[in-house]
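The opening residue of the sequence shown carries number 10 in our numbering; numbering runs sequentially from there.
Quick reminder that beta carbons are idealized off the backbone N, C-alpha and C, glycines included.
The structure presented is a predicted model; accordingly, all values stated were derived computationally and were not measured.
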Amino acid sequence: MANTTVELGPVQQTLFLPLLGRAQQTRLPDGMISDPKSVEIIDSLSYHFPEWEQCNDDLLATVCRTLMIDNEVNNFLHRFPNGTVVEVGCGLNTRFERLDNGTVRWFDLDLPDVIELRRRFFQDEERRRMFAGSVADTEWIHVVKEAGGPWFIVSEATIIFLDSEQAQKAISQIGDNFHPVWFFTDTTSRRMVEGQSHNGPMRHLPKESHFRWICDEPKEIEGWTDGKLKLMSSKTFMEAPDEFWHRARWPHWLLWKFFPWFARRFMDQYRLNLFSSERDDDEVHLSDES
10 MANTTVELGP
20 VQQTLFLPLL
30 GRAQQTRLPD
40 GMISDPKSVE
50 IIDSLSYHFP
60 EWEQCNDDLL
70 ATVCRTLMID
80 NEVNNFLHRF
90 PNGTVVEVGC
100 GLNTRFERLD
110 NGTVRWFDLD
120 LPDVIELRRR
130 FFQDEERRRM
140 FAGSVADTEW
150 IHVVKEAGGP
160 WFIVSEATII
170 FLDSEQAQKA
180 ISQIGDNFHP
190 VWFFTDTTSR
200 RMVEGQSHNG
210 PMRHLPKESH
220 FRWICDEPKE
230 IEGWTDGKLK
240 LMSSKTFMEA
250 PDEFWHRARW
260 PHWLLWKFFP
270 WFARRFMDQY
280 RLNLFSSERD
290 DDEVHLSDES
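Structure below.
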């Protein structure tokens, strides 16, 4: 029964897109993800998604993105099982529920209204803590640094809602304050930012909810951090698991299967990027083991 009322700012409302995508896939007998917590949350919300529920491929893409990021975080945890993971702009994400290895330290960061909503479904634990604030602020930096590293900082559909100046500030302070750190962020091209009013679920949202940060070349971020963060990989949905494309509607699947050169022109507008401060001569120690 829906009994949880929702009052969020325009950008914060976009957190329901990946939540709805995970819930939809979980309800399928052969879904791409198993996330009963997301189903529980969706069923409890007095919030309706009639337009978004018709954007099947867009919702599917949010699940694919989530799984691709899960893979990167898992790689980090296999190497550093006692490391620290920070989700900036966590929304109602359930990554901790999926990836907790019993030893990781975890921080969920988002704006105060989101954290207030999040606390209705999640609670702080010994190794997991919620923190209210903006990724562009500095308060969370001090708290996370005290937890010790190495760190993996995830910005899944978060920094792209900032303007360029705010995005540069947020990313620069990550490079300045954490080492060794792995940092994930998605990026949106000028074409995608300028066309979002006519495409996908964003056309059902006010302009205040739209992406703002234009980044046509993710490698330029290295310069923002004076080389402290190096681009390790930059992927598009062309590198997504085959399962994603087989579930997409036939026009998209056809382009991917038979005209990849054409599909790539569109896929390059949105990229999934992994940066790292690690260098070949680094000797990485966990803070509680050094």
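Tell me the rounded alpha-carbon separation between residue i and residue j.
i    : j    : result
A70  : V144 : 24 Å
L26  : L86  : 27 Å
E165 : T23  : 12 Å
L76  : D185 : 28 Å
N83  : L108 : 7 Å
D146 : V48  : 32 Å
T245 : D277 : 6 Å
F187 : A176 : 17 Å
D66  : V72  : 10 Å
L120 : I162 : 16 Å
Here's the rule: buried if 16 or more other CB atoms are within 10 angstroms of the residue's CB, otherwise exposed. What is residue i?
i    : result
R304 : As displayed, the chain neither begins before 10 nor continues past 299, which places residue 304 out of reach and without an answer.
E203 : exposed
E248 : exposed
F284 : buried
Q21  : buried
For residue i, collect the residues of the same chain with a Cβ closer than 8 Å to its Cβ; drop the 5 residues on either side in sequence, then sort them by chain order.
i    : result
I180 : I168, F192, T194, I230, W233, T234, L238
P19  : L214, P215, E217, S218
Just to confirm my understanding: we take residue i, look at its own chain, exclude 5 residues before and 5 after, and list those with CB closer than 7 Å. What are they?
i    : result
S243 : P227, R280, N282
F105 : W115, R137
V152 : F140
M241 : L283, F284, S285
E81  : F193, L283
D3   : It is not possible to answer for residue 3, since the shown part of the chain is limited to 10 through 299.
Excluding sequence positions up to five away, which residues of its chain have a Cβ less than 6 Å from the Cβ of residue i?
i    : result
A32  : S47, V48, I51
N110 : L86, P90
Discussion item. Measuring CB atoms only, is the segment 162-176 touching the segment 120-137, in the sense that at least three cross pairs come out at less than 8 Å?
Written reply: Fewer than three beta-carbon pairs drawn from the segment 162-176 and the segment 120-137 are found closer than 8 Å, and the two stretches are therefore not classed as touching.
Practice prompt. Examine the Cβ distances between the segment 147-158 and the segment 103-119 and report whether three or more of them are shorter than 8 Å.
Written response: The segment 147-158 is in contact with the segment 103-119.
Worksheet item: Going along the chain, which unbroken runs of the beta strand (DSSP E) with 3 or more residues stay wholly within the segment 137-208?
Response: Here the runs fully enclosed are 137-141, 160-164, 190-197.
Item to complete: With a floor of 4 residues, list each alpha helix (DSSP H) that falls wholly inside the segment 51-116, ordered by position along the chain.
Response: Listed in chain order, the complete alpha helix (DSSP H) runs (minimum 4 residues) inside the segment 51-116 are 65-88, 104-108.
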